[in-house]
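Asker: One structure, pasted below without further comment.
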Amino acid sequence: MSENGDVEMHDASAPRAEAAAAAAAANPKGTVIGGQSVLPWVEKYRPQKLDDLIAHHDIIATIQRFINQNKLPHTLFHGPPGTGKTSTILACAKGMYGPKFGSMVLELNASDARGIDVVREQIRTFVQARQLFSTGIKLVVLDEADSMTSAAQFALRRIMEQYSSNARFCIICNYVNKIIPALQSRCTKFRFGPLGDSDVRGRAKEIAASEQLSLTDDGLEALVTLGRGDMRRVLNIMQSCSMAFDEVSAESVYMTTGTPLPSDIDEAFSVLITDGVEEAFLKMDALRISKGYAVVDLITGLFARAKVVKWPTAALSMLMGRLADAEYRLSLGCSEKVQLGAVVGGFAEARAVLERGKGAQAAAAAAASGQQQQAQG
Ligand SMILES: Nc1ncnc2c1ncn2[C@@H]1O[C@H](COP(=O)(O)OP(=O)(O)O)[C@@H](O)[C@H]1O
Ligand SMILES: [Mg+2]
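Here it is, written out as structure tokens:
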């Protein structure tokens, strides 16, 4: 989880979408297959200008001001994935350098080696090299910098200082605490929060229109719910869904991502709070196998569902704790079936707490009415 509770792609929730999008991403140049262009939509619809970005208007306005005054500082963009960090700096760079982009911008991301040697050699060589006929300040973009070693970050600190007269750095990461404080303090920080639902909705509609996609209202809501403010995820789901189905509806969105349908979660929840342990387990396991759901996705759905029932605190916190434990163990690779058992057991325990609470309440009420009768007698 990121610091604002935004899930960092527990990617089990979108396995098929990711796979289809990965297939598209393997053709970044938009190779035509079977008469259809498979350019990934995240690239096709990447904002080209700062004006194309749909959210974070205050950040964009500030950066625009820096650029207009020719005073772009070193920057640090942080926040959950798919919120426009990379797009923002690329749009800035395109605006600032135009055709000189290639020679003035060095972009390194997690797939490039960025150990201490690269920082010392490649980055230093790039910022040192003088440009014939151009005097501008160069830009070094270090995308996904969370994965840089701290030795490399320390080396970077020196380079940033040494070459601040001819280069600016933009460090991009998901978790700001993975960046050493010495680098943080040399940068102006911008936090990119998850995109708002209405922004996501508007953009998804625009893209559906330009792709001539039939997008139903409930499909749009499903995209917003599953996207959780991550536009990359929304676009990947939309693209894979449109490849597999004629219509992007709630059902096709849930099926593409392998996410349990809300109706299945409702049914599972009612089984778990009424049936006995053994019966509930058999039904849940049958659901998991017949629909191909991952237990972690069932947990996510049940967790969201549990939050809206009006249970007393003791029972609810017991249930949430049990679900969280099972989710954690699944992330370590424990058996799906056994963890499903733990989920069923967690519900049984929470129900026991609930019953005890009701029993205690009834006893208290009986005692109170007994006292009243005595007093009257
Ligand atoms: N603020 C935004 N406005 C418009 N599109 C966005 C925005 N944020 C993300 N997107 C879409 O999501 C894709 C991924 O965005 P990106 O900038 O790479 O995210 P990040 O670097 O924050 O993970 C982009 O191609 C774009 O289509
Ligand atoms: Mg990025």
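Its first residue numbered 1, the sequence shown is counted upward by one per residue in UniProt numbering. For each residue, glycine too, the CB sits at the ideal point set by N, CA and C.
1) Would you kindly check if the distance between the Cβ of residue 237 and the Cβ of residue 215 is under 8 Å?
2) Contact defined as beta carbons within less than 8 Å: I believe residue 49 pairs with residue 91. What is the distance between those atoms, to the nearest angstrom?
3) From the DSSP output, in three-state form, read off residue 159 for me.
4) Cβ of residue 157 within 8 Å of Cβ of residue 186?
5) Ignore the nearest five residues each way along the sequence and tell me which others in residue 284's own chain have a CB closer than 8 Å to its CB.
6) Looking at C-alpha atoms only, which residue of 373, 203, 301 is the closest neighbour of residue 54?
7) Kindly identify the DSSP beta-bridge partner or partners of residue 170.
8) Residue 315 to residue 39, Cα distance in whole Å?
9) Kindly examine ligand 1 and report whether one of its heavy atoms sits closer than 7 Å to the Cβ of residue 203.
10) Which residues in the same chain have their Cβ closer than 8 Å to the Cβ of residue 305, if we skip the five residues on either side of it in sequence?
11) Taking its Cβ as the centre, do 16 or more other Cβ atoms sit within 10 Å of residue 56, making it buried, or is it exposed?
12) Can you grab the Cα-Cα spacing for the pair residue 69 / residue 96, in whole Å?
13) Say yes only if the C-beta of residue 235 is nearer than 7 Å to one or more non-hydrogen atoms of ligand 1, and no if none qualify.
14) What does residue 349 pair with, by DSSP beta-bridge criteria?
15) Hey, would you say residue 74 sits closer than 8 Å to residue 148, going by beta carbons?
16) Compute every distance between the C-beta of residue 143 and the non-hydrogen atoms of ligand 2, then say whether any falls below 7 Å.
17) Report yes if the CB atom of residue 155 is closer than 8 Å to the CB atom of residue 120, and no otherwise.
18) How big is the Cα-Cα spacing for residue 63 and residue 280?
19) Can the beta-carbon of residue 184 be found closer than 8 Å to that of residue 323?
20) Does DSSP put residue 101 in a helix, in a strand, or in coil?
21) Helix, strand or coil for residue 189? Go by DSSP, reduced to three states.
22) By Cβ distance below 7 Å, which residues in the same chain neighbour residue 395 in space, the five residues on each side in sequence not counted?
23) Here's a check: name, in chain order, each residue in its chain whose Cβ is nearer than 8 Å to the Cβ of residue 221, leaving out the five neighbours to either side.
24) Using only CA atoms, which one of 102, 122, 257 lies nearest to residue 291?
25) Which first and last residues belong to the alpha helix (DSSP H) in which residue 255 is found?
26) Can you tell me whether residue 85 sits near ligand 1, meaning its C-beta is under 7 Å from at least one heavy atom of the ligand?
27) Residues in its own chain within less than 7 Å of residue 93 by CB, not counting five upstream and five downstream?
28) Pick from 301, 194, 351, 295: whose alpha carbon is nearest that of residue 331?
29) Residue 214 bridges to which residues according to DSSP?
30) By Cβ distance below 7 Å, which residues in the same chain neighbour residue 124 in space, the five residues on each side in sequence not counted?
31) Return the Cβ separation of residue 153 and residue 179 in integer angstroms, given the expectation that the two are a contact with Cβ distance under 8 Å.
32) Using a Cβ-Cβ cutoff of less than 7 Å, which residues in the same chain neighbour residue 197 once the five nearest sequence positions on both sides are dropped?
33) Quick one: using the 10 Å Cβ neighbour count with 16 as the cut-off for buried, is residue 338 buried or exposed?
34) Given the structure, does residue 61 come close to ligand 1, in the sense that its CB is under 7 Å from one of the ligand's heavy atoms?
Answerer: With the structure as the only source:
1) No, these two residues do not count as a Cβ contact at 8 Å.
2) Residue 49 to residue 91, Cβ: 5 Å. Contact.
3) helix
4) Going by beta carbons, residue 157 and residue 186 fall inside the 8 Å limit.
5) Only 268, 271, 272, 298, 340, 343, 344 meet the Cβ criterion.
6) Per the Cα distances, 203.
7) 75, 141
8) 49 Å
9) yes
10) 265, 266, 269
11) Answer is buried; the Cβ neighbour count reaches 16.
12) 12 Å
13) yes
14) Bridge partners of residue 349: none, in fact.
15) no
16) yes
17) Annotated as proximal: residue 155 and residue 120, with beta-carbon spacing under 8 Å.
18) 55 Å
19) no
20) It is helical.
21) Three-state DSSP puts residue 189 in a strand.
22) Given that the chain is displayed from residue 1 to residue 377, the structure contains no residue 395 and the question cannot be resolved.
23) 250
24) 257
25) Start and end: 250-257.
26) yes
27) 101, 105, 139
28) 295
29) Paired residue(s): 247.
30) 159.
31) 7 Å
32) 224
33) exposed
34) Taking the Cβ of residue 61 as the reference point, every heavy atom of ligand 1 lies at 7 Å or farther away.
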